[in-house]
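**Student:**
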Amino acid sequence: MHKALFIVDIHNPEGAGQAEEKIQYCQPYDLPYRCFLPKGIEGLMVAGRCISGTHRAHASYRVMSICMAMGEAVGIAAAMSAQQSCTPRELDVTALQSLMSGIGIELFD
Numbered sequence: 001m002h003k004a005l006f007i008v009d010i011h012n013p014e015g016a017g018q019a020e021e022k023i024q025y026c027q028p029y030d031l032p033y034r035c036f037l038p039k040g041i042e043g044l045m046v047a048g049r050c051i052s053g054t055h056r057a058h059a060s061y062r063v064m065s066i067c068m069a070m071g072e073a074v075g076i077a078a079a080m081s082a083q084q085s086c087t088p089r090e091l092d093v094t095a096l097q098s099l100m101s102g103i104g105i106e107l108f109d
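In this note's numbering, the protein residues as written are 1 to 109.
1) Classify Pro88 as buried or exposed, calling it buried when 16 or more other Cβ atoms lie within 10 Å of its own Cβ.
2) Helix, strand or coil: how does DSSP classify Pro88 here?
3) Write down the C-beta distance between Arg56 and Cys67 rounded to the nearest angstrom, noting that I regard them as a contact closer than 8 Å.
4) Below 7 Å CB to CB, which residues in the same chain sit around Val74 once its five sequence neighbours on both sides are set aside?
5) Looking at the structure shown, is Thr94 part of a helix, part of a strand, or coil, going by DSSP?
6) Suppose the cutoff is 6 Å on Cβ atoms and the five residues either side in sequence are ignored; what does the same chain contact list for Arg62 look like?
7) Using the beta-carbon count (16 or more within 10 Å), is Ser60 buried or exposed?
Structure representation (structure tokens):
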């Protein structure tokens, strides 16, 4: 749904510093639409640090610039769902991607 890029920066759960000695750099990755849709709850979308992902993935997508991009995507999807009288899970993701691309949001390939 959206491109994201940030280092894998796992904080030490025991206190200050990093959990791993070496910070891992990564390539840009995609945030799929399904990560914004909580299982078992219709009509709700989540963004930012609340999305579905692994602990390791969270170490990258938790930063504000990526959270902002997620909020933008979820906001557009919510507006489209309301206009089309459908739940976010029923939304045509291709139409959402087309709208986002049309307003200049860079999507995955």
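Positions of the beta carbon are idealized from the N, C-alpha and C atoms, including for glycine.
If you're wondering where the values come from, they're calculated on a predicted model, not measured in any experiment.
**Tutor:** By the coordinates alone:
1) Buried: at least 16 other Cβ atoms inside 10 Å.
2) Pro88: helix per DSSP, three-state reduction.
3) Wrong, their Cβ atoms sit about 17 Å apart, outside the cutoff.
4) Phe36, Met45, Ala47, listed in sequence order.
5) DSSP places Thr94 in the helix class (H, G or I) of the three-state scheme.
6) Take Arg62, set aside five residues on each side of it, and the residues of its chain with a beta-carbon closer than 6 Å to its own are Arg49, in chain order.
7) Counting Cβ neighbours within 10 Å, Ser60 comes out buried, since at least 16 surround it.
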